[in-house]
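Undergrad:
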Amino acid sequence: MHGVWGSRWTFILAATGSAVGLGNIWKFPYITGENGGGAFVLMYLACILLAGVPVMMAEVLLGRRGRMSPIHTMQHMTEEQGAPKAFAGLGWMGAVAGFFILSFYSVIAGWTLAYVVKMAMGDFSGAGAEVASAAFSDLLGSPWALLGWHTLFMAMTGFVIARGVKHGLEDSVRLMMPMLFVMLLVLLGYALTTPGFAQGFDFMFSFDTSKLNSSSIVVALGHSFFTLSLGMGAMMAYGAYMPGKASLTKTVMTVAVLDTLVALVAGLIIFPIVFSNGMEPAAGPGLMFQTLPIAFGALPAGSLIGTVFFLLVVVAAWSSAISIAEPAVAWCVEKGISRGKATFAVCALAWLLGIGTVLSFNVMGDVKFLRGTFFDNLDFLTSNLMMPLGGVAIALFVGWFMKRKDVADEVRIKNKALFNVWMFVLRFISPLAILYIFVKGLG
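For what it's worth, my numbering labels the leading residue of the sequence shown as 23, then goes sequentially.
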């Protein structure tokens with residue numbers, strides 16, 4: 023037994039911390055920009071309800087019923103429910119996917135640490151596009167700089183995990199998540215004062231289907247699923263620490279709402295700044311690291327505002343990284359290894375693997391195989407293969423192979439019609455939606 027969250031709200035903060043990460047603050051605004059704004063946002067919200075929430079409920083349900091690491095939970099649940107033995111490997115796949123993701127997530131999160139320092143030092147004061155672009159290129163081009171920031175971020179992640187559920191995970195989310203929400207509100211307050219706020223708001227919420235295309239559906243489905251940290255064991259691991267009396271349905275819905283709100287607010291912060299400075303909202307992945315620094319550099323107190331923004335991104339990334347590492351650490355603890363040693367082993371191995379990602383942006387940038395660089399292949403393996411397959415397996419296991427009474431006992435939806443709707447979505451709609459992402463992702 024690893025311990026239990028002190029309250030339902032602690033679990034909500036922890037699960038929201040896991041869900042809220044670079045995907046919300048870095049990726050969501052730029053994919054919204056690339057896919058036309060408001061109509062895409064509406065499609066994304068529909069996908070959260072049809073694919074994200076049902077699978078998240080199923081994954082948390084498995085974790086709470088198993089009360090162990092995802093690996094042991096799925097081994098136990100497969101045996102208990104008389105399901106095909108292949109499902110026992112689901113926990114392993116999730117833990118391995120999380121481990122791989124941690125290795126490159128730490129490198130990308132290291133960029134945000136670097137930008138906190140750059141902003142605080144005033145590196146972008148009055149900077150133009152050339153300076154901002156050169157700063158980003160210089161960072162990526164320096165393997166030693168990337169390795170240093172990667173090492174620092176991984177050490178920050180390991181420090182929290184090593185302290186355990188009560189003094190590590192719980193204390194950290196109680197501090198980090200309110201801090202994240204406060205910083206979001208401060209930055210939103212600033213965005214409200216910018217001349218581009220009305221244009222940014224209109225861009226986010228105006229409904230123009232002409233800007234959507236077939237790939238927009240795939241992007242919305244994919245992001246709605248991945249933003250909730252599904253299919254990599256994180257929610258199953260956190261669900262194992264969830265209080266038995268807490269309402270699973272209300273809790274998961276609260277997490278989904280908070281996660282979505284953070285993504286929407288991030289857009290309402292970023293797009294007014296972009297429009298106020300005459301920039302392009304569809305700037306792609308460089309929006310946060312190459313476009314925003316120019317905007318912050320041109321603002322009064324821009325260095326301070328930019329520092330707060332990148333601190334916000336660091337906190338979001340940190341809370342997610344902690345949850346990604348937890349499944350592998352929890353399994354090691356169950357094997358009799360002390361939490362400190364388990365954390366060191368998992369983080370050290372992930373750090374070592376992360377060197378491949380560090381070198382993908384410079385020294386080994388020209389070394390291409392299969393899907394591209396080492397980083398491209400690791401990203402493709404986890405995001406396009408392991409996570410979708412994990413999500414489908416979770417939906418199929420709970421929807422088709424768990425005893426209906428056991429599912430009902432855990433999920434506790436009092437309204438029978440609502441329970442039947444959730445089961446129908448979990449059995450048919452969610453797996454088909456995720457398989458659609460999976461097949462499209464192979465293209």
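No residue lacks a Cβ here, since even glycine has one placed at the ideal position from N, Cα and C.
Since the model is a prediction, treat every value here as computed from it, not as a measurement.
Measuring straight from C-alpha to C-alpha, what distance separates Pro51 and Val153?
TA: Each residue's Cα considered, the two are about 23 angstroms apart.
Undergrad: Can you list, in chain order, the residues of its chain with a C-beta nearer than 6 angstroms to that of Val279? Leave out the 5 residues immediately preceding and following it.
TA: none
Undergrad: Here's the rule I'm using: 16 or more other beta-carbon atoms within 10 Å means buried, otherwise exposed. How should Arg86 be labelled?
TA: buried
Undergrad: I need the boundaries of the alpha helix (DSSP H) containing Ala343, first residue and last residue.
TA: Gly324 to Glu356
Undergrad: Does the distance from the C-beta atom of Lys462 to that of Val240 stay below 8 angstroms?
TA: Yes.
Undergrad: Here's the rule I'm using: 16 or more other beta-carbon atoms within 10 Å means buried, otherwise exposed. How should Pro453 be labelled?
TA: buried
Undergrad: Please name the residue, chosen from Ala338, Gly45, Pro315 and Ser251, that lies closest to Met178 on a Cα-to-Cα basis.
TA: The closest CA to that of Met178, considering only Ala338, Gly45, Pro315 and Ser251, is found on Ala338.
Undergrad: Indicate the three-state DSSP secondary structure (helix, strand or coil) for Ile391 in the structure shown.
TA: Sequence inspection shows Phe at residue 391; the Ile mentioned does not correspond to that position. Three-state result, Phe391: strand.
Undergrad: Reducing DSSP to helix, strand and coil, say where Val385 ends up.
TA: Looking at Val385 - three-state DSSP - the assignment turns out to be coil, as it is neither helix nor strand.
Undergrad: I want to know whether the stretch 247-262 touches the stretch 72-92 - three or more CB-CB distances under 8 angstroms.
TA: yes
Undergrad: If we count the other Cβ atoms within 10 Å of its Cβ and call it buried at 16 or more, is Pro217 buried or exposed?
TA: Exposed, since its Cβ has fewer than 16 Cβ neighbours within 10 Å.
Undergrad: Which residues bound the alpha helix (DSSP H) around Asn235?
TA: From DSSP, Asn235 is part of no alpha helix (DSSP H); its letter is neither H nor E.
Undergrad: Specify, as a first and last residue, the run of the alpha helix (DSSP H) that Ala320 falls within.
TA: Leu314 to Ala320
Undergrad: Put Arg89 into one of helix, strand or coil per three-state DSSP.
TA: coil
Undergrad: Going by the beta-carbon positions, is the gap between Met96 and Leu112 smaller than 8 angstroms?
TA: Yes, the pair counts as a contact, with Cβ atoms nearer than the cut-off.
Undergrad: Which runs of the beta strand (DSSP E) spanning at least 3 residues fall entirely within the stretch 104-143, listed in chain order?
TA: none
Undergrad: If you draw a straight line from the C-alpha of Leu161 to the C-alpha of Ala439, how long is it?
TA: 55 angstroms
Undergrad: Just mark Glu302 as buried or exposed, buried being the case when its beta carbon has 16 or more other beta carbons within 10 Å.
TA: exposed
Undergrad: Can at least three beta-carbon pairs, one atom from the stretch 92-107 and one from the stretch 396-410, be found at a separation below 8 angstroms?
TA: no
Undergrad: Which residue marks the beginning of the alpha helix (DSSP H) containing Asn311, and which one marks its end?
TA: Position check: residue 311 holds Phe in this sequence, whereas Asn was assumed. Note, Phe311: premise wrong, no alpha helix (DSSP H); not H, not E.
Undergrad: With distance defined between alpha-carbon atoms, name the residue in Thr404, Phe146 and Glu192 nearest to Met264.
TA: Glu192
Undergrad: Would Val195 and Ser325 be called neighbours here (beta carbons separated by less than 8 angstroms)?
TA: Taking C-beta atoms as the reference points, Val195 and Ser325 fail to come closer than 8 angstroms.
Undergrad: With 16 as the cutoff for other CB atoms within 10 Å, does Lys425 come out buried or exposed?
TA: exposed
Undergrad: How many Å lie between Leu375 and Lys436 at the Cα?
TA: A straight-line Cα-Cα distance of about 46 angstroms links Leu375 and Lys436.
Undergrad: Check Ile359 in the structure and name its three-state DSSP category.
TA: coil
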